[in-house]
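Okay, so here's the structure we're looking at.
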Ligand code: IPM
Ligand code: MN
């Protein structure tokens, strides 16, 4: 018999509510012979206030024992900006080498978009997750004076760029359109741009059936609004990927449905799956949060662990639910979770 040993981190705000629904749907979709074990962890604002800890070495060791991690959201206005982001989320991405930050965008029937007409949107962004300007390399001199100088160094290694580019090529090759777009800013960021472009062109030789394209990140924001259908798979650096995936979410149904995976493809450390949205303290505890993004993140988790059929059942259930949503009265977080559970079980 098979097993799935999951670390569950509800976190702050609506994280608690949406993760409960994600687990509900996961239990409903798993076949009888897969034994689901979950262990909940209390990371987030409450733990930080109580102990001053965000993620200790012992915590990291405990998390390593799991097959995967399901995360709700971490963040609260009572904690200074950056403390939990750096001390928990980014720390975990770096420690567990989550170098593939996978963010799919698919506009499903019945879902509203601010774009004109009903454009075809079905692409994935492969955002590098462990390098770029996120490494915390930089510094300040003459701090607090009118002559303060602050640097923020973007770190790009041939090793890091090549592995994420190769992963993106493989994902593009597995999709019907087989198209990969590199998004960067190589006209200005000459050093990193050179590395990314060179590596991209070299790896392209190994994937002759994948069509390649290059777009500067500023132009990419235009196309994401005027012609999102041109994208199939996008590969880009950590910061560009952060920015364009918020835009991508906004045009393809909003953050209520945007899922993501922080993936370690080798499986050396557990991958972590989370909705792109944050903890939304303004609506927390009211049953107003949409659990769909978390449920879709559970589908990414299942596919990563090889449970493809179950992932498809969740995605189909979400499609069917979204298609009907406009015709239904507003539902609570748990009502949506119940509806999706019923669909995947039936
Ligand atoms: C995201 C978030 C994080 C990021 C923040 C919270 C550090 O915006 O997951 O996209 O910038 O990666
Ligand atoms: Mn972001």
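Numbering (this note's numbering), first residue to last: 473 to 818.
By construction, the Cβ of each residue, glycine as well, lies at the ideal position given by its N, Cα and C atoms.
In terms of alpha-carbon separation, which member of the options lies closest to residue i?
| i | options | result |
| --- | --- | --- |
| residue 788 | 484, 621 and 501 | 501 |
| residue 630 | 719, 664, 657 and 695 | 664 |
| residue 738 | 511, 532, 692 and 539 | 539 |
| residue 806 | 759, 584 and 790 | 759 |
| residue 598 | 703, 777 and 699 | 703 |
| residue 561 | 810, 744 and 817 | 744 |
| residue 687 | 668, 785 and 740 | 668 |
| residue 804 | 762, 643 and 483 | 762 |
| residue 751 | 497, 485, 810 and 569 | 485 |
| residue 818 | 791, 721, 797 and 785 | 785 |
| residue 580 | 531, 514, 724 and 494 | 724 |
| residue 791 | 811, 779 and 505 | 811 |
| residue 714 | 498, 674 and 689 | 689 |
When the Cα atoms are used, what is the spatial distance from residue i to residue j?
| i | j | result |
| --- | --- | --- |
| residue 746 | residue 753 | 17 Å |
| residue 732 | residue 577 | 10 Å |
| residue 509 | residue 815 | 22 Å |
| residue 697 | residue 524 | 42 Å |
| residue 529 | residue 475 | 26 Å |
| residue 517 | residue 532 | 17 Å |
| residue 611 | residue 588 | 44 Å |
| residue 583 | residue 794 | 7 Å |
Shorter than 7 Å, the distance from the beta carbon of residue i to the closest heavy atom of ligand 4, or not?
| i | result |
| --- | --- |
| residue 539 | Ligands displayed in this structure: ligand 1 and ligand 2; ligand 4 is not among them. |
Measuring only between beta-carbons, confirm whether residue i sits less than 8 Å from chain B.
| i | result |
| --- | --- |
| residue 807 | In the displayed structure, chain B is absent; only one protein chain is listed. |
Could you tell me whether the Cβ atoms of residue i and residue j are closer together than 8 Å?
| i | j | result |
| --- | --- | --- |
| residue 574 | residue 593 | no |
| residue 685 | residue 653 | yes |
| residue 571 | residue 638 | no |
| residue 632 | residue 600 | yes |
| residue 606 | residue 670 | no |
| residue 774 | residue 783 | yes |
| residue 640 | residue 707 | yes |
Inter-stretch contact at 8 Å, needing at least 3 Cβ pairs: the stretch 606–625 / the stretch 651–667: no
Residues whose Cβ lies closer than 6 Å to any heavy atom of ligand 1, in chain order: 557, 561, 562 and 714
Contact the stretch 484–502 vs the stretch 543–558: 3+ CB pairs below 8 Å: yes
If you pair each beta-carbon of the stretch 764–780 with each one of the stretch 556–571, do three or more pairs fall below 8 Å? no
Measuring CB atoms only, is the stretch 721–732 touching the stretch 547–563, in the sense that at least three cross pairs come out at less than 8 Å? no
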